[in-house]
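Just so we're aligned, residue 1 is where the sequence shown starts under the UniProt record's numbering, counting upward by one.
Quick notes on the structure that follows.
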Amino acid sequence: MKLKKIYILIFLAISLASCSEIPVIKKLFDVKYTVSEKFKKNPPKVVAILPFENLTEEPDASLVVRRSFYGQFAPKSFVDMEILKIDSVLNKNHIKGAGDLKKYDPREIGKMLHADALIYGRVTYYKKAWRLFYSYKTVGLSAEMIDAKTGETLWMADHSKTSYGGDIPGTTFVDPISTIASLTTGPVKALWSYYLKDIEFIRTADDFNKEMVETIPEP
1 MKLKKIYILI FLAISLASCS EIPVIKKLFD VKYTVSEKFK KNPPKVVAIL PFENLTEEPD
61 ASLVVRRSFY GQFAPKSFVD MEILKIDSVL NKNHIKGAGD LKKYDPREIG KMLHADALIY
121 GRVTYYKKAW RLFYSYKTVG LSAEMIDAKT GETLWMADHS KTSYGGDIPG TTFVDPISTI
181 ASLTTGPVKA LWSYYLKDIE FIRTADDFNK EMVETIPEP
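Below, the structure is given as structure tokens:
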């Protein structure tokens, strides 16, 4: 009798699973992402990339990463809205940034922008660090595409990428005196230059946004 109940429960579980969509987490270029069945069957046409939320200590992080994301997304076959146009419409409705977006339902934002889908983003990493023989810069983003008519999640992804400058730790130096002397010349200058240049953040953001956008199917 108990065995029969178990079989019934298993049957019900399978039946429920077949009736509802279960998001499957996939991976491409180290990007963890999901795409809904609705997106595959009826993809949106007009997509607006909204201001990204900044979870880092760098004030310009969300601006840089959003522009980079737009640059990688624009070549796709969607009708993408220019960032300046999006921000202009949002400003007219007293929405100044990601913080104000939280006060509105996605369906309201969709009506304002006349968009089929909205992309929300949260910049999770935007930092640089200096080590003895190398430095690195990390950029991270968590993003999702929301159906502007139903509020459903159509696509969601999470990714981060690190770029390095200088020598990788673990190198063996036979002559410490020569090593110290060499560090006072070109290598340190190049490493310090890499550490200071914000252009490296943009390059890193472009690289990982390219991989991230690659997970969004063409309409």
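Cβ atoms here follow ideal geometry from the backbone N, Cα and C, with glycine treated the same way.
Residue i versus residue j - alpha carbon distance
i           : j           : result
residue 106 : residue 137 : 33 Å
residue 158 : residue 208 : 10 Å
residue 45  : residue 78  : 5 Å
residue 59  : residue 38  : 36 Å
residue 230 : residue 141 : Past the edges of the chain, shown from 1 to 219, lies residue 230, and the structure says nothing about it.
residue 99  : residue 216 : 25 Å
residue 194 : residue 129 : Confidence is the limiting factor: at residue 194 the pLDDT is only 41, short of 50, which leaves the residue's position unreliable and the question unanswerable from this model.
residue 162 : residue 214 : 18 Å
residue 68  : residue 212 : 11 Å
residue 33  : residue 93  : 32 Å
residue 210 : residue 155 : 16 Å
residue 89  : residue 101 : 13 Å
residue 121 : residue 160 : 13 Å
residue 66  : residue 52  : 6 Å
residue 145 : residue 72  : 15 Å
Other residues of its chain near residue i: CB distance less than 6 Å, five sequence neighbours each side excluded
i           : result
residue 54  : 61, 62 and 123
residue 81  : 48
residue 70  : 49 and 83
residue 127 : 138
residue 86  : 48
Reference residue i, options the options, closest by Cα
i           : options          : result
residue 113 : 95, 57 and 154   : 95
residue 74  : 97, 119 and 150  : 119
residue 35  : 153, 102 and 90  : 153
residue 151 : 160, 125 and 104 : 104
residue 57  : 145, 102 and 125 : 125
Bridge partners - residue i, DSSP secondary structure assignment
i           : result
residue 162 : 138
residue 145 : 119 and 155
residue 47  : 80 and 117
residue 53  : 122
residue 129 : 136
Integer-rounded CB distance, given that residue j should sit under 8 Å from residue i
i           : j           : result
residue 143 : residue 109 : In fact, because the Cβ distance is near 15 Å, the residues do not count as touching under 8 Å.
Own chain partners of residue i with C-beta closer than 8 Å, once the 5 adjacent residues on each side are dropped
i           : result
residue 116 : 44, 45, 46, 47, 110, 147, 148 and 149
Close beta carbons around residue i, own chain, < 7 Å, minus the five adjacent residues each side
i           : result
residue 218 : 76 and 77
residue 91  : none
residue 40  : 217
residue 31  : 157, 159, 211, 212 and 215
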